[in-house]
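2 protein chains.
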Amino acid sequence: MRKLRLEEIPRTAPDQVTEQVRHPISVVVDNVRSIYNVGSIFRTSDAAMVEHLFLTGYTGTPKHRGLRKTALGAEKTVRWSHHQKPQEALRRLREAGYTIAALEITDQPTATDAVPMEAFPLALIVGNEVDGVQEPLIEEADLALELPQFGSKHSLNVAVAYGIAIYDIVRRYRSLTSSEIPPAPRDLI
Amino acid sequence: MRKLRLEEIPRTAPDQVTEQVRHPISVVVDNVRSIYNVGSIFRTSDAAMVEHLFLTGYTGTPKHRGLRKTALGAEKTVRWSHHQKPQEALRRLREAGYTIAALEITDQPTATDAVPMEAFPLALIVGNEVDGVQEPLIEEADLALELPQFGSKHSLNVAVAYGIAIYDIVRRYRSLTSSEIPPAPRDLI
């Protein structure tokens, strides 16, 4: 078994990524306090080929130097926009035909690897490091997605939880047969 | 749909976690530079109920204040030990009957959600943020696990990649039927 050298690993050139068809999965990153978590979310979103990141509330944007340092270039390949009000992002997502899912612990949990096939295109809301997704956004969500946690603590780091959830969601989308694939969502921005 | 209050979420009390049966999955965290990444790995390991963390090389330990700040108590519920040489950790794992898997991009990839059933008990090696798992450890590994990456960048953050991989591995283990479950591994430490 041999580790591959960097130049041996197939990757799309950054200037071609913007032309590629993305997964019909978008993300609302609401009130995430740490710019390093946002940077990490950008890297994961590049790897997962998500459609669009809506940075809302006080979530930092790529204008912040600390984010660019953590995102390592992913801020150039991932489409994003900032909206002070998360409701504005949700309105656009609804209009484009998205199902809204919150990554939060609720009384009606759906496992991240059991997202219903008809939920695509899907938008995932992630929230603040301590408080999670805020109540008014839970009320607007169609689904609440939850990760099993077997230990004593109540939460994973937000960027880690996002990574696990989005990889499950992308895998679920990619398992759809061609007849199950929904029509492409309308333009978001 | 209603968000659960903290006290409504079922979790094992920290002083009872040490008594619980863990998944027969251990982790070697070798030469991870950032203490925040190690802290995040502790939180994820609590949630995933891994058996033991081997912190090797210059990977920081819970003696470091910055780690305790990021791990948020998980350093008390997750069993760990430090070994200057990662080979010492691998020797103990081999003796206890573990299969060794490296989270690394190689010429013989196995998907994290397709770990062979006979690979349990399993030890996962994660490596440095920039260089990944070092060559001598790849040579000792039985498997190399890889996450699909659809974008232009070559790597996820190490704590995020670990989270995605370990959740896949735990799910795979939990899907084993009782006749497939291997005998419990021998004591590691």
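One line per chain: the protein sequences are A and B, in this order.
Numbering-wise, my numbering puts 26 at position 26 of the first sequence, and it's gapless, one number per residue.
Numbering-wise, my numbering puts 1060 at position 60 of the second sequence, and it's gapless, one number per residue.
Cβ atoms here follow ideal geometry from the backbone N, Cα and C, with glycine treated the same way.
For the C-beta of B/Glu1051, not a single chain A residue is nearer than 7 angstroms; the gap to the nearest is close to 12 angstroms. At the C-beta level, B/Ile1164 and A/Gly163 come within 7 angstroms of one another. Here the region 33 to 49 of chain A makes no contact with the region 1117 to 1126 of chain B; the two share fewer than three CB pairs at distances below 8 angstroms. Under the criterion of beta carbons closer than 8 angstroms, B/Leu1143 and B/Ala1114 do not qualify as touching, at roughly 10 angstroms. Taking a C-beta distance under 7 angstroms as the contact criterion, A/Thr12 and B/Ser1152 qualify as a contact pair. For B/Gln1087, there are no neighbours in chain A by C-beta distance under 9 angstroms, as the nearest C-beta there is about 17 angstroms away. At a cut-off of 4 residues, the continuous stretches assigned as alpha helix (DSSP H) that sit fully inside the region 13 to 72 of chain A are 14 to 17, 35 to 48 and 65 to 71. For B/Leu1090, the three-state secondary structure derived from DSSP is helix.
DSSP places A/Thr177 outside both helix and strand once states are collapsed to three, so it counts as coil.
Annotation: A/Thr99 is outside any alpha helix (DSSP H); the continuous beta strand (DSSP E) that includes it extends over Thr99 to Leu103.
Approximately 6 angstroms separates the beta-carbon atoms of B/Val1029 and B/Leu1053; this is inside 8 angstroms, confirming the contact.
A contact is defined here as three or more CB-CB pairs under 8 angstroms, and the region 169 to 185 of chain A meets this definition with respect to the region 103 to 119 of chain A. Residue-level contact check: B/Thr1106 touches chain A, since one or more beta carbons of chain A fall below 7 angstroms from its beta carbon.
Cα atoms of A/Leu147 and B/Tyr1167: separation of roughly 9 angstroms, rounded to the nearest angstrom. Secondary structure of B/Pro1136 (DSSP, three-state): helix. For B/Ala1074, the enclosing alpha helix (DSSP H) stretches over residues Ala1074 to Thr1077. If only uninterrupted beta strand (DSSP E) runs of at least 3 residues are considered, those enclosed by the region 137 to 162 of chain A are 143 to 146. B/Ser1045 places its beta carbon less than 7 angstroms from that of B/Val1078. Cβ neighbours of A/Lys69 within its own chain (closer than 8 angstroms, five residues either side excluded): Gly39.
Going by DSSP, B/Thr1106 is part of no beta strand (DSSP E) at all; its letter is neither H nor E. Bounds of the beta strand (DSSP E) holding B/Ile1125 are Leu1122 to Val1126. The beta carbon of A/Gly66 is closer than 8 angstroms to those of Ile35, Tyr36, Gly39 and Gly60 in its chain, skipping five residues each way along the sequence.
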